Structure formats: C-alpha cells, structure tokens
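Numbering (my numbering), first residue to last: 9 to 141.
Think of the CB as a built atom: it goes at the ideal place given N, C-alpha and C, for glycine as much as any other residue.
Being a predicted model, the structure only gives us computed values, none of them experimental.
Here's the structure, in structure tokens; my notes come after.
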C-alpha cells in the first residue's frame, strides 16, 4: 500500500472521524489526517491547500460522508467541481456512508468519485479501496 501525504475526512459525526483517523494511523497510510465536520469547512480547507501539489496539507484522499445536515456529499462534490481546482485530478474522493441510495450513488459517480465504502471504516475496507484507486 502506497502512503499518501494527507487525508481529509469530511463528516459531521466526530466519532466517525475519530474512528476513521485511528484506522488510517494504525495502517500508517498517511502522514497527516485533517478533519472537517461539514462541507463548507472542507471547501474552505481545499481552497487554501489545493493550489499546489507541494503543499504539505494537500489531501490526496478525501473520505466524504454523504448524509450531512448543512451540505450533503453531493452538494460538496458539485461545489468542489465548480471550484475548478487545477490539482483536482490528484485528489481521490471516496464516499464513506451508512446508507446507500442508488440515485445518489449514480450522481456521485457522475461527479467523479473514486469509490464507496460503508461505515464504519475498517482496515480491510481502507486496504480494499486504496488498492483500486
């Protein structure tokens, strides 16, 4: 498994963020794990750290919850796409969610996500998804 420099967790559930961070650190998958509890906060983070690849906080992987109160995962992906970040092709977005909705999954695939995982994140799930992206 290739290590990434930074992972961004976007989830309104702080316990999910904590558990995901523990899995990432246990596998030594990333040097840095950043957390956002809503989509707006994550977009501000990305606007600040995604201008260049050499930014140490550039997230190569985003684990995104779809069901958030202020901004859904789909709304986040639409806003991210509209930002037209030049380094966006180097970021992989994986949706980490408790429920699956076929219509939402189809829309997220249209918006360029790299995969889906069901919560909670486990070592096996992380290893599986990183082997495919």
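Determine whether the Cβ of residue 26 lies closer than 8 Å to any Cβ atom of chain B.
Here there is only one protein chain, and chain B is not present.
For the putative contact between residue 14 and residue 39, defined by C-beta atoms under 8 Å, what is the C-beta separation to the nearest angstrom?
Looking up residue 14 in the chain shown gives position 6. Looking up residue 39 in the chain shown gives position 31. Right, the Cβ-Cβ distance comes to about 7 Å (below 8 Å), so this counts as a contact.
According to DSSP, what are the bridge partners of residue 15?
As a working mapping, residue 15 is identified with position 7 in the chain shown. Its beta-bridge partners are 41, 69.
Taking a contact to mean a Cβ-Cβ separation below 8 Å, would you say residue 84 touches residue 72 in this structure?
Position 76 of the chain shown, counting from 1, holds the residue named residue 84. Position 64 of the chain shown, counting from 1, holds the residue named residue 72. In this structure, residue 72 lies closer than 8 Å to residue 84 by Cβ.
Of all the options 31, 11, 79, which has the alpha carbon lying nearest to the alpha carbon of residue 128?
Your numbering for residue 128 matches position 120 in the chain shown. Nearest option by C-alpha distance: 31.
Grouping DSSP H, G and I as helix and E and B as strand, with all else coil, what is residue 120?
On the chain shown, residue 120 is found 112 positions in, with the first residue counted as 1. Coil.
Who are the Cβ neighbours of residue 12 in its own chain at under 7 Å, not counting the five residues just before and after it?
Sequence index remark: in the chain shown, residue 12 carries index 4 (1-based). Contacts found: 37, 38, 68, 69.
Which partner residues of residue 100 appear in the DSSP bridge assignment?
Residue mapping note: residue 100 aligns to position 92 of the chain shown, counting from 1. Per DSSP, 69.
Could you tell me the distance, in whole angstroms, from the CA atom of residue 86 to the CA atom of residue 78?
Walking along the chain shown from the start, residue 86 turns up at place 78. Walking along the chain shown from the start, residue 78 turns up at place 70. Going by the C-alpha atoms only, they are around 14 Å apart.
Could you check whether residue 138 and residue 121 sit closer than 8 Å to each other, using their CB atoms as the reference points?
Numbered from its first residue, the chain shown carries residue 121 at position 113. Numbered from its first residue, the chain shown carries residue 138 at position 130. For residue 121 and residue 138, no; Cβs fall outside 8 Å.
Report the rounded CA-to-CA distance for residue 115 versus residue 109, giving the unit in angstroms.
Here residue 115 corresponds to residue number 107 of the chain shown, with the count starting at 1. Here residue 109 corresponds to residue number 101 of the chain shown, with the count starting at 1. So the two alpha carbons sit approximately 10 Å from each other.
Would you tell me roughly how many angstroms separate the C-alpha atoms of residue 24 and residue 43, rounded to the nearest one?
Residue mapping note: residue 24 aligns to position 16 of the chain shown, counting from 1. Residue mapping note: residue 43 aligns to position 35 of the chain shown, counting from 1. Those two C-alpha atoms are separated by around 10 Å.
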